[in-house]
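Numbering (my numbering), first residue to last: 14 to 160. Positions of the beta carbon are idealized from the N, C-alpha and C atoms, including for glycine.
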């Protein structure tokens with residue numbers, strides 16, 4: 014991926030991690046599509062168009078990951094994850110608790126990837142600055158939520 018350079022073990026690890034994140038994104042996208050069609054019916058065809066455009070853009074930009082990893086499993090996972098997410102969404106619409114449990118787990122995985130990607134690797138920076146900034150942000154939110 015764009016942050017993984019060279020053929021080091023760390024670069025390979027980051028590439029696999031980013032590929033898993035894109036698969037989780039596809040799963041979330043599929044669940045959102047199913048929820049839109051359940052909620053809005055025929056109007057969903059117009060409301061969901063930006064999600065299809067974004068899914069196409071992700072599939073084009075994930076070409077970098079496919080080139081770096083090159084495994085058939087990764088390509089299959091990237092292609093099938095929105096469809097699997099849609100089926101999961103359709104199957105779990107009746108049980109909203111379980112649906113949102115799956116949705117929040119995938120969102121948590123993506124949040125973990127984003128946070129992990131923001132922390133400097135190796136000698137590039139000081140991770141303590143990121144941790145301090147995160148704690149200050151959380152403290153600010155907690156203070157202003159009480160007001």
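Beta-carbon proximity of residue i to residue j, cut-off 8 Å
i           : j           : result
residue 94  : residue 43  : yes
residue 36  : residue 91  : yes
residue 40  : residue 107 : no
residue 126 : residue 30  : yes
residue 115 : residue 105 : yes
residue 113 : residue 131 : no
Local conformation of residue i per DSSP, three classes
i           : result
residue 57  : helix
residue 106 : coil
residue 139 : coil
Rounded Cβ spacing between residue i and residue j (contact assumed at less than 8 Å)
i           : j          : result
residue 102 : residue 47 : 3 Å
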